[in-house]
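Visitor: Counted the way our numbering counts, the sequence shown spans residues 2 to 276. Note that the Cβ used here is the ideal one computed from N, Cα and C, for glycine as well. First the structure, then my questions, so here it is.
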Amino acid sequence: PQTAKVVGPKGESIWTDRYGRVKVKFHWDRLAKGDDTSSCWVRVSSAWAGQGFGGVQIPRVNDEVVVDFINGDPDRPLIIGRVYNEASMPPWALPAAATQMGFLSRSKDGTADTANALRFEDKAGEEHLWIQAQKNMDTHVKNDESHSVGGSQTVSINRDYKGKVAGAHEQATQLSHTEVIGGGFLQLVQGGIVQASDTGIRLVAGQSILELGANGQVNLQCINFTVNASGQGEINTGGTLDLNISKPAAASDTEPTSAQIQNAVKAAFNQGSKE
């Protein structure tokens with residue numbers, strides 16, 4: 002076996018045919034121009050090559066490859082491997098990153114920062130799996146999918162999020178649940194809505210407050226109110242019903258205020274933009 006450099010036409014960083022073959026220039030060949038005329042098409046060995054399935058990684062122009070010859074025939078070259086050199090170094094600095102292994106591609110005619118990648122960190126106590134999509138990423142699961150996270154999970158989306166569930170959607174949260182929304186909130190429900198709390202429900206809109214207590218107490222606080230009924234109206238009470246009492250009831254706490262809501266939105270999305 003001997004090594005050679007992958008070559009192609011001027012301006013091309015990837016040059017191959019339908020079989021995944023490439024052209025090479027041998028180091029001893031002083032007459033070769035270092036382009037696609039430097040050799041015949043050379044087959045490339047793959048760790049996995051099947052009938053319409055397998056693994057593909059085309060050696061790129063200027064890569065150093067290991068070339069052998071079938072039965073020693075110089076007219077039947079075969080690339081059996083690839084090697085790094087001073088001009089083509091490994092994707093991660095060695096030996097400092099000797100515990101890292103994986104795959105890192107390069108965008109065609111791109112830079113060191115443009116790549117798709119899958120990397121494993123095997124350092125004891127710091128094990129880590131890193132996946133990067135340089136642009137888009139699609140995942141297709143033809144049946145079920147499950148995720149299990151032993152610690153925390155953080156998701157940051159800089160633009161829009163859309164979800165669609167054709168069946169039932171269930172969510173369980175053991176502790177608190179907080180949502181911060183910078184715009185409007187709309188729910189369209191074809192069936193009924195039930196919200197239940199074992200301690201109470203409180204709705205605040207500026208200076209209007211509606212409180213439903215778990216003890217059966219209902220409080221409504223506002224500046225003015227209007228009740229309209231196109232049909233009959235009825236108020237039933239098992240005790241005394243007081244109207245125009247001598248003094249108004251003590252005002253309820255109006256928090257969260259409008260300013261607090263705006264500050265919460267700013268804090269949430271200013272923090273998200275830094276990720």
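Note down, in chain order, each residue of its chain lying with its Cβ closer than 7 Å to the Cβ of LYS109, except the 5 sequence neighbours on either side.
Guide: Your numbering for residue 109 matches position 108 in the sequence shown. Once the five neighbours on either side are set aside, the close Cβ partners of LYS109 are SER14, ILE15.
Visitor: Who are the Cβ neighbours of GLU122 in its own chain at under 7 Å, not counting the five residues just before and after it?
Guide: Within the sequence shown, numbered from 1, the residue matching residue 122 stands at position 121. Result list for GLU122: THR100, GLN101, GLU128, HIS129, in chain order.
Visitor: Just verifying my parser: in three-state terms, what is the DSSP assignment at ALA173?
Guide: For the purposes of this step, residue 173 is taken as the residue at position 172 of the sequence shown. Note: ALA173 maps to coil in three-state DSSP.
Visitor: Can you tell me whether ILE210 sits near the ligand FMN, meaning its C-beta is under 7 Å from at least one heavy atom of the ligand?
Guide: With respect to the ligand FMN, the structure shown offers nothing to examine, as it has no ligands at all.
Visitor: Counting pairs of Cβ atoms below 8 Å between the region 86-95 and the region 27-43, do you hit three or more?
Guide: The region 86-95, when compared against the region 27-43, does not touch it at the 8 Å Cβ threshold.
Visitor: Can you tell me where the beta strand (DSSP E) holding LEU79 begins and where it ends?
Guide: For the purposes of this step, residue 79 is taken as residue 78 along the sequence shown, with counting starting at 1. 78-84 is the span of the beta strand (DSSP E), which, as asked, contains LEU79.
Visitor: What number of angstroms, rounded off, separates the C-alpha of ASP243 from the C-alpha of GLY164?
Guide: Along the sequence shown, read from residue 1 onward, the residue named residue 243 stands at position 242. Along the sequence shown, read from residue 1 onward, the residue named residue 164 stands at position 163. Near 50 Å, if we compare the C-alpha coordinates of GLY164 and ASP243.
Visitor: How many angstroms separate the CA atom of VAL219 from the CA atom of GLU212?
Guide: Taking the sequence shown and counting its residues from 1, the one referred to as residue 219 is at position 218. Taking the sequence shown and counting its residues from 1, the one referred to as residue 212 is at position 211. Computed Cα separation, rounded: 6 Å.
Visitor: Under three-state DSSP, which class holds LYS275?
Guide: For the purposes of this step, residue 275 is taken as the residue at position 274 of the sequence shown. Reliability of the predicted coordinates at LYS275 is poor, the pLDDT of 44 falling under 50, and the value obtained from them is presented with this limitation in mind. LYS275 falls in the coil class under three-state DSSP.
Visitor: Going by DSSP, name the residue or residues bridged to SER212.
Guide: What you label residue 212 is simply residue 211 of the sequence shown in a count that begins at 1. It should be pointed out that residue 212 corresponds to Glu in this sequence rather than to Ser. ARG203, ASN220.
Visitor: I need the boundaries of the beta strand (DSSP E) containing ILE132, first residue and last residue.
Guide: Stepping through the sequence shown from its first residue, residue 132 is reached at position 131. Residues 129-133.
Visitor: What span of residues does the beta strand (DSSP E) with VAL1 cover, start to end?
Guide: The question about residue 1 has no answer here: the residues shown for the chain are numbered 2 through 276.
Visitor: For the beta strand (DSSP E) containing ARG105, name the first residue and the last one.
Guide: For the purposes of this step, residue 105 is identified with residue 104 of the sequence shown, where counting begins at 1. The identity of residue 105 in the sequence shown is Leu, whereas the question assumes Arg. Run containing LEU105: 101-105, per the beta strand (DSSP E) assignment.
Visitor: Measuring straight from C-alpha to C-alpha, what distance separates ASN72 and ALA94?
Guide: Here residue 72 refers to the residue found at position 71 of the sequence shown. Here residue 94 refers to the residue found at position 93 of the sequence shown. Straight-line Cα distance between these residues: approximately 38 Å.
Visitor: In three-state terms, what does DSSP make of ALA50?
Guide: The residue given as residue 50 occupies position 49 in the sequence shown. Note: ALA50 maps to strand in three-state DSSP.
Visitor: From the DSSP output, in three-state form, read off GLY73 for me.
Guide: Translated into positions along the sequence shown, residue 73 becomes position 72. GLY73: helix per DSSP, three-state reduction.
Visitor: Just grab the DSSP bridge partners of LEU119 for me.
Guide: As a position in the sequence shown, residue 119 is number 118, starting the count at 1. Per DSSP, PHE104, ILE132.
Visitor: Can you find the residues in the same chain that come closer than 6 Å, C-beta to C-beta, to THR4, ignoring five residues on each side of it along the sequence?
Guide: For the purposes of this step, residue 4 is taken as the residue at position 3 of the sequence shown. Once the five neighbours on either side are set aside, the close Cβ partners of THR4 are GLU65, VAL67.
Visitor: Nearest to GLY185 by alpha carbon, out of GLN263, ILE158, LYS143?
Guide: Translated into positions along the sequence shown, residue 185 becomes position 184. Comparing Cα-Cα distances from GLY185 to each of GLN263, ILE158, LYS143, the minimum goes to GLN263.
Visitor: Can you tell me the Cβ-Cβ gap for GLY1 and PHE270, rounded? I've got them flagged as a contact below 8 Å.
Guide: The question about residue 1 has no answer, for the chain in this structure spans 2 to 276.
Visitor: ALA260 by DSSP, collapsed to three states: which one?
Guide: Walking along the sequence shown from the start, residue 260 turns up at place 259. Note: ALA260 maps to helix in three-state DSSP.
Visitor: Using C-beta distances below 7 Å, list every residue in its chain close to ALA48, excluding the 5 sequence neighbours before and after it, in chain order.
Guide: Sequence index remark: in the sequence shown, residue 48 carries index 47 (1-based). Correct list, in chain order: GLY56.
Visitor: What residues are listed by DSSP as bridge partners for VAL1?
Guide: This structure leaves residue 1 out entirely; the chain is present only between 2 and 276.
Visitor: In angstroms with no decimal places, state the Cα-to-Cα distance between ILE81 and SER46.
Guide: Start at 1 with the first residue of the sequence shown, and residue 81 comes out as number 80. Start at 1 with the first residue of the sequence shown, and residue 46 comes out as number 45. Rounded to whole angstroms, ILE81 to SER46 spans 5 Å at the Cα level.
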